[in-house]
Structures are given as structure tokens and as C-alpha cells.
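Just so we're aligned, residue 174 is where the sequence shown starts under this note's numbering, counting upward by one. All residues carry an ideal CB built from backbone N, CA and C; glycine is no exception. To start, the structure itself, in C-alpha cells.
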Amino acid sequence: MKVYHNKNEVIMFKKDLLVAVPKNTILLKKNNNSYVYLNVSIKEIRKNKSIIYDRKCIGKLVNKDLNLMNPNDNFFIYFPNQTNIVNNKIFSSSLSIGLAMAFEKIVNDLGLDIILREIFEDKFNLIKAISLYYLDSQQMSLELFEKWAYHNYTNLNSIPSNSTIFNFLSNSITEDEILAFQNAWALQVKYLFDESPELLLSLDSINLNTFIKENRFIKHLELQDNNNLFEINLSYALENQTGLPIFYELFPNAKTNQNYYQNVINRCDAYRFNNICLLLDKADFCSNDLNFLDQMDKKFIAMVKGYNKDIKNLVLNNKELIIDNVDYLLDDFTLYGMKLHQKIFDYSSKDYYVYLFYNDKQRAIQKESFSKLCSIFKKQLERQTYLTNDVFKNYRKYLNFEANDKNQIMSIQNNKDTVKEIIEYGGLFSLVSNQNYDLEKVISIYQKKDIINKLFKGLKYDFDLNKNNNYNQNVLESKIFLTFITAIVKSYINYKCFEFFNNHPLATIDTIMTELSKVEVLKMEDKYLWKYPLTEQQKEIFTLIGIDDKFITDFIIELNKTII
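Have a look at this one:
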């Protein structure tokens, strides 16, 4: 037998990565080190009946552990789909633990920890780690996970590499597991509340544009703008008192929404949630949809833009009365509001409740934003000689063009129709409902979905940014699922800290995230210890969440057991 090695091969081992030693490999010792070799080809010489093995070094054993090795580039050539890759970097000497403690406390209090462990078994710790990353970083892209995990405690004993994370999203979370989780979580929500809670069912609030090579919706999807992108819509249910997300539903974009409304309502019925109020987004419903829900005897709240044709006259007739009129000021929401009860749709003689609101700050933001965008777009078009269909389509909302017979651009001005629209309707918005609510309650109900909306819109931004990537079904649905876990925790923090917001009127949920991220431990010799005393605000937040000194002490003990 002859063995050939490439003597000129430069072997560089990736000491920051650990992988399991593959089966059917050979160990060779040299200079007190053990190297892992793979037979990449075998050639039989018939003349002398000998066998020639061509071997390549693919790794180096770690600390005489026969099961783990540091790989080199050859390993990734011969094992391109390896999933069990662990980043072996040591953690920072200073670790942020405040959000991790809040996260752990909440998933235990809500029973999420048990559900995740039972369904996902050994995968549940990584699921929690990624969800914690989403919660802290407030971005859905996972490219910075390694860097973030170096400075933040995740309850993992090592840092998974980016390739491990991607393979985890692609192969480890199944559609059946996601559905099993949602079923178990819906039952848990019923257990947490003595009576049947009121559900807020948000319909059509989020759409994701992406190119999906393989997807269970593919036969139902419609191309968007002829650019090979598909649109997938997402609806979700919230518990009204706490804002806790209960389940979500994905469905393909369709010309009519009513079939999908019915499907989601049926799912509520299957979970035996009978008290539901449907929330409709301003961009995704028509008067026929409201008629459909009305005939089903379902409560609804629908946001309507001020210039919607069905409500335009109503807004124009009342806007002078409401704008900057102290009699209509809602102190708790820095809004002006009024409630009307009248007929608004041509199809129906029924009177609906219309809640008209005005936000002077929002109007100023809209005017400033429009002006800045127009300036930016004009600069982008400085070198544009001809008025093409794409230019007209992409900029027509903001700019008007003058062109000659040859379609050469002669001048560019701000779109006066849009300017007029902002002047007439800026800062104004309306909610239409078949229920009689107080102004404060109706706006509070509608704003319950803000937290989960922002998280899913962050995910939408991530997909839009990478919309030409060939995502498979699992990556898409895994990211949505992990965002959902994050939304549960963030919504519960928001609910538990209601008193904090009353004590600190300028504080937001992001204020709490920032305060908790400052809570750190410092490595002293062979263990991590408390770094700084808690501030008064951190103490207040921890108390509201239910974290006491004993919890903190026990948490740090477990941290040292995990990563030291």
C-alpha cells in the first residue's frame, strides 16, 4: 500500500472553530499533535496488486479529545454541508446579562421554557439565544450574531458560527414543530387567564417580498411588479390585556382577503377563543371586507387614511374643528380626537363609529420627510437624461416631470398633489368600528400591535434588503418563528413595566432595553462577578419583572457553570 500526501500543501487550522471528527478518518501523530486525515481517493494497481490512497489533512485534534477537532479549508471542501460547527472563541471578560436575566425570567414565568424544551429538545437553547439577539440588537439580520454573542450571555457554552446559524435555520426548525409550538402556546395562554381572554386579530399588517425557490405557497403566489418577487402576508393574534402574541398565520397574497379572514377566524374558533376583535390595516381592506365581517357579527377596528374616498368628506367637514382645539385634546396620548356615529359607506345604510384623530407632531414629520425625500430624489436624477417608465413609476408620488417630444427631461418639481394631500390630511387618521369605545380605549387597542408590528417590519426590511437571495421555505419560516418568540417576550416586558412608563413619561420600551443591556458581569480570574451596582431605574425594572437578589445570584452561578 502506498500513501500520497501533498507535501506543498499549506495547512492552516481554524482554531476558533470546533467540529466533530467525521467517521472513517485516520489519525496521524506528529510533533505531539494528532492530525485527522481523510482518504479522498483510492486507486488499485493491478500489476503488483497494490492500493494507492490519496489522503488530505482535514483537521487537528483539540486537547487530545478524539471527538473534536479544529478544521482547515480542506474540511469544508469535502464536507460542505456540515452543520455542527461551533465557534470556539472565548467570551469577553465583560458580559451583558440584564436582558438575558429578564428573558429567562419571562420564558419561565409564561411556561415558554417547558414548551420549547418539549418540542425542540436540544435545539431550544439556540432558539432562545437567537430570540434574545433579536430582542437586544433590534435587527433581524444574523450576520452580527457572533460579534454580539461575544459580549452578551446567551446560555450557550460556546458561540455558534454564522454558517452554523444558517444551517440551523435551513434544516433544524420544521413546519410541524412550529405548528406544535403555536398549538401548545395557545393552550398555555388560556391557562394563564382564568376567563376566555379577548383576542385582537391583526389582519394583513405585514407583507414580505422575497424570492423563494421552494415554498409551500408557490402555487398560490403572484409575482409582484414583474420582478420575480413574491408577496407573503402575515396575520397574528394578540391577547388584549397584555398584548401577548398568541399565534400567527402566513398566507399568499391574493386579490380578495375574505377567504383568509375566514381561515384565521376559524383558527380562533378551533382554539375556542370566542371573544375576538379584528384589526385591519389602512392599506389592505376595502368596504366590502368590513361588510363581510359585519355580517359575521365580528367586532372590528379598521384604520383609514384621511383621503380614503369613503371617509374623505367626513374628515374635511371636521378637521377644522379638531385641529389644535383643546376641547378635543387627549392628554394621555398627546392626540386630538373626536367620535362620530353615522353612515359612511355607500353599500350600507348602517351607521358606524368613526374615531377621528389628529397628531400635530406627525404632521410636521410628514412635511419634513416629504421635503427631504424630494431633495434626495432630485439629486439622484441629476444625471438622468430621459424620462423612462421606471423613473416615472418610482418617483411620481414625489416629483412631477416636464419632458419634450423625445422624452428628455426638461424640469423636475415637487408633486403638488402630494403636497396638497399632506397639507389637507397630514397628521389626521381615522379608526372605523362597529363598536362603541371611548377614544382612549380604541386608540389603546389599536396601538397594542405596535411592538409586534415593529419586529415583523424589521424582518420585512431584512427580507427586502436581501430580497434577491434564494431563501428556502425553512429559512423564511424559521426567522418568522424566532421573531414571534421575541415578540412574546418583548410584549410581556412592556406589559409588566406599565408602572415604569407612568413614573417616567418620556420612557419607551427601547428605554427599558437600553437600561437592561447595561447590566454586566466582569471576569475576575476564573469566574464572572457583578460589575456595577444596579441603578435606581434598573432596580425598578427588575422589581416589576419579578427579578430579586436571589434570582440574580442564582443566575450568575449558573452562568459560571455554563461558560467557565
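For G271, the enclosing alpha helix (DSSP H) begins and ends at G271 to D282. In terms of Cα proximity to L360, the closest of E350, N532, I288 and N413 is I288. For Y326, the three-state secondary structure derived from DSSP is coil. Between H324 and S265, the C-beta spacing is below 7 Å.
Around the beta carbon of D295, fewer than 16 other beta carbons lie within 10 angstroms, which makes this residue exposed.
Here F565 carries a helix assignment [DSSP, helix/strand/coil]. The alpha-carbon separation between V192 and L241 amounts to approximately 6 Å.
Between the C-alpha atoms of S269 and D721 there is a straight-line separation of about 18 Å. In summary, D309 is buried, with 16 or more beta-carbon neighbours lying within 10 Å of its beta-carbon over all protein chains present. V437 and E422 have their C-alpha atoms roughly 7 Å apart.
Of K700, M697, L702 and A660, the smallest CA-CA separation from I682 is found for A660. N206 is bridged by DSSP to K203. An exposed status is given to S542, since fewer than 16 other beta-carbon atoms sit within 10 Å of its beta-carbon. Given a length threshold of 3 residues, each whole run of the beta strand (DSSP E) inside the stretch 533-599 is given here in chain order: 572-576 and 582-587. Of the candidates F550, K734 and I496, the residue whose Cα lies closest to the Cα of L529 is I496. Sorting R445, N573 and S651 by C-alpha distance to the C-alpha of K363 places R445 at the top. Counting only unbroken stretches of 3 or more residues, the beta strand (DSSP E) elements lying wholly within the stretch 207-267 are 223-235, 238-244 and 258-260, in sequence order. When the beta-carbon positions are compared, I737 and K700 come within less than 7 Å of each other. Of N733, C450 and I199, the smallest CA-CA separation from V213 is found for I199. Per DSSP, the continuous alpha helix (DSSP H) segment holding Y433 begins and ends at Q431 to A443. Judged by their CB atoms, K471 and L494 are not nearer to each other than the 7 Å cut-off.
A check of alpha carbon separations from N206 across L239, Y226 and R219 identifies L239 as the nearest.
DSSP lists no beta-bridge partner residue for A680. Looking at E698, Y326 and I258, the one whose alpha-carbon comes closest to that of I729 is Y326. Between A680 and F671, the C-beta gap is not smaller than 7 Å, which leaves the two residues out of contact.
With contact defined as three or more Cβ pairs closer than 8 Å, the stretch 645-654 and the stretch 614-626 are not in contact. Measuring C-alpha to C-alpha distances from Q581 to each of R556, P425 and L702 identifies R556 as the nearest. A Cβ-Cβ distance of about 6 Å is found for the pair I332 and E319, placing them in contact under the 8 Å criterion. Boundaries of the alpha helix (DSSP H) harbouring S304: F297 to S310, taken from the DSSP string.
In the three-state DSSP reduction, M476 falls in the strand class (E or B). Relative to the Cα of L453, the nearest Cα in the group Q620, L299, E348 and I595 belongs to Q620.
Assignment of beta-bridge partners to D524 by DSSP yields K516. With respect to the C-alpha of T347, the residue from M697, E693, L702 and N647 having the closest C-alpha is N647.
Residues Y208 and Y210 of the same chain have their beta carbon placed closer than 7 Å to that of L201, with the five preceding and five following residues left out of the count. The beta carbon of Q711 lies closer than 8 Å to those of G271, E688, L689, K691 and V692 in the same chain, with the five residues before and after it left out. The continuous beta strand (DSSP E) containing E422 extends over residues P418 to P425.
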